[in-house]
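Have a look at the structure below before the remarks.
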Amino acid sequence: MFTGIVEETGHIRNIVRGGKSVRLEIAAETVLEGTQVGDSICTNGVCLTVTALLGGAFAADVMPETVRRTSLAALKTGSAVNLEGALTLQTRLGGHIVSGHIDGTGRVVRRVQEDNAVWLWVECPSDIMRYIVRKGSVTVQGVSLTVADVREDNRAFAVSLIPHTQGATTLHQAKVGDTVNIENDIIAKYVERLLSSADADVASPANDEGKVAFYRNFMK
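Mind the numbering: the sequence shown is residues 107 to 326 in our numbering, read in order.
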């Protein structure tokens, strides 16, 4: 698990491409402190397992499913990436609960400078937008952000980046047309699952009224 608070930006030192998979070598400093083979590092929002420590870098294997669902396949040697080590019980949860399991990708469709802030509008498929709400949480490229606005047609959302976020992450480089990794708020997905299970119980001949009433009261 992660918090979406990026610890540093690293860069791709080498890429080995398979038929459908990718092996990445990522240069880093801060996230390597105390890191061992088998640990997890969130890379542009994707939870990757460290398969080797290479002296100022780590290696990670990206399986075909992750290649299909994320933008990692588009990385090139030298590309900057957002990095965060897995949280510990002593870690402050400064962002929100992030699993590193990407729901899909979005596309930057607008970038606007407003005084010290940069607004990014990201267009996403409906299966991602259904969990996006104003002032809710979303992870973009591994960065925990607050949804600042949602377009009227519900096909895009906006985030506003303060100077610190611009300087501490790769999002200052984001431009119109870029593909970005999106992870929805995991709590919203669990709530939806819980409610759909309760609805299924109502429709079932073996309906347990007490259980359904408990779920509905819990969610109020």
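Glycine residues also receive a C-beta, built at the ideal position from the N, C-alpha and C atoms. None of these values were measured; they are calculated from a predicted model.
If you count every other CB in all the chains shown that lies within 10 Å of the CB of G248, and 16 or more means buried, which is it? buried
Kindly provide the ranges of any beta strand (DSSP E) runs that are 3 or more residues long and lie completely inside the region 144–232, ordered along the chain. 146–149, 152–159, 163–168, 186–191, 210–220, 223–229
The ligand GTP heavy atoms versus the CB of R213: any closer than 7 Å? This structure simply doesn't include the ligand GTP, nor any ligand for that matter.
Is E220 closer than 8 Å to A165 when the C-beta atoms are compared? no
Every unbroken alpha helix (DSSP H) inside the region 261–290 [4 residues or more]: 269–274
Tell me which same chain residues have a C-beta within less than 7 Å of the C-beta of R261, skipping the five on either side of it? E229, M235
How is S303 classed by DSSP in three states: helix, strand or coil? helix
With 16 other Cβ atoms within 10 Å as the buried cut-off, status of A180: exposed
Tell me G116's beta-bridge partners as DSSP assigns them. V187
What span of residues does the beta strand (DSSP E) with D255 cover, start to end? 249–256
CB of G151 within 8 Å of CB of I208, strictly: yes
On the CB-based measure, 16 or more other CB atoms within 10 Å of its CB, does I268 come out buried or exposed? exposed
Return the bridge partner residues of V244 from the DSSP annotation. L251, N290
Excluding the 5 residues preceding and the 5 following W225 in the sequence, name in chain order all residues of the same chain whose CB lies nearer than 6 Å to its CB. V218, A264, S266
Residues near Y296 by beta carbon distance below 8 Å, same chain, minus five either side: none
Proximal residues to D255 (C-beta, below 6 Å), its chain only, five neighbours per side dropped: A264
Does DSSP put V239 in a helix, in a strand, or in coil? coil
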